[in-house]
Amino acid sequence: MITKRIIPCLDVKDGRVVKGVNFQGLADVSSPVELAKYYSSNGADELVFYDITASAEGRALFTDILTETAKSVFIPLTVGGGINTLADFDRVLKCGADKVSVNSGAIRNPSLIYEAAKRYGDQCVVLSADVKRVDGVFRVFAKGGRENTGMEAIEWIRRGVDSGAGEIVLNSIDTDGVKGGFDLEMLEAVCNAVSVPVIASGGAGSIEHFITLFNTLPRVDAGLAASIFHFGEVSIKDLKEKMTQAGIPARL
Amino acid sequence: MIAIIDYGVGNLFSLASSFSAIGAEAIVTANPAVIRAADRLILPGVGAFEDAARKLRESGMADLVKEEAASGKPIMGICLGMQMLFEKSFEYGEHEGLGLIKGSVRPIADVIPQGLKIPHIGWNALRFTRPHSLFKYLKEGDFVYFVHSFYAADCNDAVIATSEYGAPLTAAVANGNVMGCQFHPEKSGDVGLSILRAFCEWEVAQ
């Protein structure tokens with residue numbers, strides 16, 4: 001049986017990991033390459049690199065570190081951030097990314113998903129959606145969650161999958177950063193709407209939150225988190241042992 | 001030296017990097033002379049079967065791969081590259097493959113229960129159906145990374161490993177010097193690198 005995937009997410013700015021990393025034994029805790037190697041040898045099933053750089057110089061640094069990482073880390077790498085055109089897909093795929101995650105770029109230009117899926121295959125295109133409840137309705141937010149697009153989220157995600165998105169990362173703005181658990185209600189709505197893999201993001205604060213996620217919603221394929229892994233609050237090895245004890249398939 | 005055959009499909013960066021990680025010399029090449037001189041060949045591939053099979057034929061690589069296979073050189077197909085080793089594929093129509101292994105490529109939707117997601121994406125355990133030296137560094141149940149919607153069928157004689165996804169799906173095949181993995185060894189962590197190492201060490205006598 002296929003295992004539930006555990007995916008650490010690294011925010012990279014000007015070639016360095018930001019959002020704080022606190023590991024003993026790593027020579028350079030904000031080196032994306034070092035951190036990627038660490039996670040890869042400690043049970044991560046996949047890595048997401050999110051480029052939050054605004055400048056062209058920063059972008060060039062990002063592709064350098066991506067290339068460096070892909071040379072030494074042999075698990076799937078997903079890259080997101082600043083993906084607006086097919087040329088952006090090309091740029092990161094050539095550096096060794098396996099999948100490319102689109103968010104605001106697809107909101108501005110919805111045909112980006114279709115074009116990219118046609119050229120690189122559905123498996124390469126990940127639709128990442130930042131979603132928040134507004135007056136009881138799930139709405140898609142753009143620009144890192146700052147701008148309400150007014151679009152209804154489930155319909156947006158369904159259209160993305162119809163256009164060729166091979167996976168969905170659902171980031172709940174409502175639960176993000178709160179560490180009170182994943183947004184099960186929102187995730188269930190998305191799982192009911194699409195048949196491609198759904199990756200849960202936003203809200204993980206403990207091992208129990210992952211157990212609850214996979215036990216409550218067996219159709220969720222993966223859990224993504226950043227700071228709880230970076231700060232060592234949850235070790236991926238411990239998490240996977242607990243998942244296995246709870247009868248959730250995990251790659252140990 | 002290992003030649004990773006470049007016929008214009010997919011990204012070969014990770015494959016080349018994974019060979020250098022295990023200390024093997026590998027070259028990404030479309031040059032027939034280099035491919036003939038290589039000790040071993042890798043046939044990669046992602047995307048659609050029809051498109052890849054056409055590119056393989058049009059580049060002249062299809063005939064070259066068949067010649068090299070007949071000469072006894074070890075060849076490993078990976079993902080779509082593995083599927084190309086078969087006689088034909090029923091991926092959106094009916095398309096001819098290299099015919100180096102008996103069998104055909106069919107939609108996994110034909111054999112798995114409804115409700116399971118397609119593609120089969122993620123880490124799944126290997127079950128060995130017969131001993132093979134490609135697995136000499138592995139143990140039963142080791143995990144490898146899959147991304148595919150089609151699988152190799154009618155090839156019982158060649159199957160050496162399967163993975164369970166509602167049904168046993170062909171994970172690896174071998175027919176003498178011609179081998180293939182449906183999963184991505186270059187994306188399967190240490191387990192995947194061990195398979196590549198075993199391929200580099202594979203000898204005809206085994």
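One line per chain: the protein sequences are A and B, in this order. Residues 1 to 252 (the numbering used here) are what the first sequence spells out, left to right. Residues 1 to 206 (the numbering used here) are what the second sequence spells out, left to right. All C-beta atoms, glycine included, are put in the ideal place defined by N, C-alpha and C.
Item checked: Test: residue 151 (chain B) CB closer than 8 Å to a CB of chain A -> Your numbering for residue 151 (chain B) matches position 151 in the second sequence. In terms of beta-carbon proximity, residue 151 (chain B) stays away from the interface with chain A, with every pair separated by 8 Å or more.
Item checked: Under 8 Å (Cβ pairs) to chain B, residues found in the segment 81 to 105 of chain A -> Residues passing the 8 Å Cβ filter: 93, 94, 95, 96, 98.
Item checked: Short CB-CB distance (under 8 Å) between residue 49 (chain B) and chain A -> The residue you call residue 49 (chain B) lines up with position 49 of the second sequence. Proximity of residue 49 (chain B) to chain A, defined by a Cβ-Cβ separation below 8 Å, is not satisfied.
Checklist line | Reduced DSSP secondary structure (H/G/I, E/B, other) of residue 123 (chain B) | finding: The residue given as residue 123 (chain B) occupies position 123 in the second sequence. DSSP places residue 123 (chain B) within a strand segment (E or B) once states are collapsed to three.
Item checked: Closest by C-alpha distance to residue 104 (chain B), when choosing among B:134, B:136, B:173 -> In the second sequence, residue 104 (chain B) corresponds to position 104, counting from 1. Ranking B:134, B:136, B:173 by Cα distance to residue 104 (chain B) puts B:173 first.
Checklist line | residue 16 (chain B): first and last residue of the uninterrupted beta strand (DSSP E) it sits in | finding: Here residue 16 (chain B) is taken as the residue at index 16 of the second sequence, counted from 1. For residue 16 (chain B), there is no enclosing beta strand (DSSP E); the residue is found in the alpha helix (DSSP H) stretching over 13 to 21.
Check: Is residue 195 (chain B) helix, strand or coil by DSSP?
Finding: Taking the first residue of the second sequence as position 1, residue 195 (chain B) is located at position 195. If DSSP states are grouped into helix, strand and coil, residue 195 (chain B) belongs with the helices.
Notebook entry, point to check: Expressed to the nearest angstrom, what Euclidean distance is found between the alpha-carbon atoms of residue 163 (chain B) and residue 186 (chain B)?
Noted result: Locating residue 163 (chain B) in the second sequence gives position 163, counting from the first residue. Locating residue 186 (chain B) in the second sequence gives position 186, counting from the first residue. Whole-angstrom Cα-Cα distance: 18 Å.
Next item on the list: Check whether the segment 150 to 157 of chain A touches the segment 186 to 193 of chain A, counting contact only when three or more Cβ pairs, one atom from each stretch, lie closer than 8 Å.
Entry: Cβ pair count under 8 Å is three or more, so yes.
Note to self: I'd like to check one pair, residue 181 (chain B) with residue 112 (chain B): are the Cβ atoms closer than 8 Å?
What the structure shows: Your numbering for residue 112 (chain B) matches position 112 in the second sequence. Your numbering for residue 181 (chain B) matches position 181 in the second sequence. The answer is no: Cβ separation not under 8 Å.
Next item on the list: Measure from the C-beta of residue 21 (chain B) to each C-beta in chain A and report whether the shortest distance is under 8 Å.
Entry: By 1-based counting over the second sequence, the position of residue 21 (chain B) is 21. Taking Cβ atoms only, chain A reaches closer than 8 Å to residue 21 (chain B), which makes this a yes.
Margin query: So, for residue 16 (chain B): in the same chain, excluding its five sequence neighbours on each side, which residues have a beta-carbon less than 7 Å away from its beta-carbon?
Written below: Counted from its first residue, the second sequence places residue 16 (chain B) at position 16. These residues qualify, in order along the chain: 4, 26, 28.
Note to self: So residue 244 (chain A) contacts chain B; which residues on that side make the cut at Cβ distance below 8 Å?
What the structure shows: Position 244 of the first sequence, counted from the first residue, corresponds to residue 244 (chain A). What residue 244 (chain A) touches in chain B: nothing, since even the nearest Cβ is about 12 Å away.
Note to self: On a Cα-Cα basis, can you pick out the residue from A:153, A:132, A:152, A:38 that is closest to residue 145 (chain A)?
What the structure shows: Numbered from 1 along the first sequence, position 145 holds the residue referred to as residue 145 (chain A). Checked all of A:153, A:132, A:152, A:38; the closest Cα to residue 145 (chain A) is A:132.
Check: Exposed or buried, residue 20 (chain B), counting other C-beta atoms within 10 Å across all chains shown (16 or more means buried)?
Finding: By one-based count along the second sequence, residue 20 (chain B) stands at place 20. Exposed: under 16 other Cβ atoms inside 10 Å.
Check: If you measure beta-carbon to beta-carbon, which residues of the segment 185 to 201 of chain B are closer than 9 Å to chain A?
Finding: Look at the segment 185 to 201 of chain B: the residues with a C-beta under 9 Å from a C-beta of chain A are 185, 186, 187, 188, 189, 190, 192, 193.
Check: Does the Cβ of residue 206 (chain B) have 16 or more other Cβ atoms within 10 Å, making it buried, or fewer, making it exposed?
Finding: One-based indexing of the second sequence puts residue 206 (chain B) at position 206. Note on residue 206 (chain B): pLDDT 46, under 50, position unreliable in the model; no value is reported.
Margin query: Using C-beta distances below 7 Å, list every residue in its chain close to residue 34 (chain B), excluding the 5 sequence neighbours before and after it, in chain order.
Written below: Translated into the one-based positions of the second sequence, residue 34 (chain B) becomes position 34. Here the set comprises 3, 27.
Checklist line | Cβ distance (whole Å) where residue 56 (chain B) is taken to contact residue 84 (chain B) below 8 Å | finding: Position 56 of the second sequence, counting from 1, holds the residue named residue 56 (chain B). Position 84 of the second sequence, counting from 1, holds the residue named residue 84 (chain B). Yes, residue 56 (chain B) and residue 84 (chain B) are in contact; Cβ-Cβ is about 7 Å, under 8 Å.
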